[in-house]
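Quick notes on the structure that follows.
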Amino acid sequence: MSVIEQIIPQVKVCVVYHSPYGHTAKVAQYITQGAEQAGAEVHLISVAAPQWDLLDQADVIVIGCPTYMGSLTAALKQFMEDSSKRWLARAWQGKLAAGFTNGGGLSGDKLAVLQQINLFAMQHGMVWAGLPFMPTGRSALDINRMSSFLGLMTQSDNASVEITPPEGDLETARKFGKYLAELRLTHLPV
Ligand SMILES: Cc1cc2nc3c(=O)[nH]c(=O)nc-3n(C[C@H](O)[C@H](O)[C@H](O)COP(=O)(O)O)c2cc1C
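Those letters in the sequence shown? Residues 7 to 196, by my numbering.
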């Protein structure tokens, strides 16, 4: 361990996601990138293969999935239910939590997904962090173009992950990851 690491402990971040077609996974990657820029140790975890030991050790858990029928995807809900032993043991109490969702619509009822992830975090006794960035506008290059504050909303068209979600959404995701790692360090010292 370096002297700097001894002075400033490394925040451990887990980004848990479900993403059948890769768009939400791309958002998760940008959140990861941002947290890494803040010096965090970050693990990207698919709900298809949850790494429970890493989640138990995390300081920050960021959870996301596509919006399906104005709700969570079944796979993310399954992950939530599979965490119930940890809920009973209060194993994740005090960790910082945040949420994100990607949808095809501009609204698409994405808020309902963030609310469900928020409630899940509250059930676990985690500490919720919203998204604090003021929208810079509503174009594809803008930050927080959907004016979401409970968590991160991104939007993808029915096209390849190479071109959608747009740059502004991905940059918002990167900034969110950086913010969460820094927030954990400054407000809930590890
Ligand atoms: C069954 C189904 C339901 C969907 N419902 C919604 C919805 O309610 N709102 C919305 O904005 N997009 C909806 N979509 C679009 C998905 O959110 C979008 O395709 C997804 O975010 C792509 O993410 P992925 O590439 O990570 O799978 C739906 C897609 C499917 C397949």
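Cβ atoms here follow ideal geometry from the backbone N, Cα and C, with glycine treated the same way.
Buried versus exposed call for residue i [16 or more other C-beta atoms within 10 Å across all chains shown]
i	result
D65	buried
S4	In the structure as shown, the chain starts at 7 and stops at 196, and residue 4 therefore has no counterpart that could be examined.
T73	buried
L120	buried
N164	exposed
V19	buried
S90	exposed
L125	exposed
W17	The displayed chain sequence assigns Val, not Trp, to residue 17. Buried, because 16 or more other Cβ atoms sit within 10 Å of the Cβ of V17.
I123	buried
L147	exposed
Given residue i as reference, the closest of the options once Cα atoms are compared
i	options	result
V21	V53, A44, N108	V53
E168	Y27, D115, I37	Y27
P172	A95, G45, G109	G109
H24	V48, A80, T170	A80
F85	G111, W58, F139, G100	W58
S166	I14, P15, T30, V17	T30
A95	Q122, L176, Q129, I14	Q129
G70	I51, L60, E87, G174	I51
Cβ shell of residue i (< 7 Å), same chain only, five flanking positions each side left out
i	result
L137	N150, S154, F155, G157, L158, F182
K116	T73, T107, G109, M159
A118	G76, S77
A44	K184, A187, E188
DSSP bridge partner residues for residue i (one or two, in chain order)
i	result
N108	P72, T160
W134	A103
Y23	S52, G70
K18	E47
Neighbourhood of residue i by C-beta distance below 6 Å, restricted to the same chain and skipping five residues each side
i	result
A103	I67, A127, M132, W134
E42	V48
T178	I149, N150
R190	V17, D65, V66, L102
R144	R151
Contacts around residue i, its chain only, beta-carbon distance under 8 Å, and the 5 residues preceding and following it disregarded
i	result
D62	R92, A97, W98
Ranges of the alpha helix (DSSP H) found wholly within the segment 26 to 82, counting only runs of at least 4
Listed in chain order, they are 29 to 43, 58 to 63.
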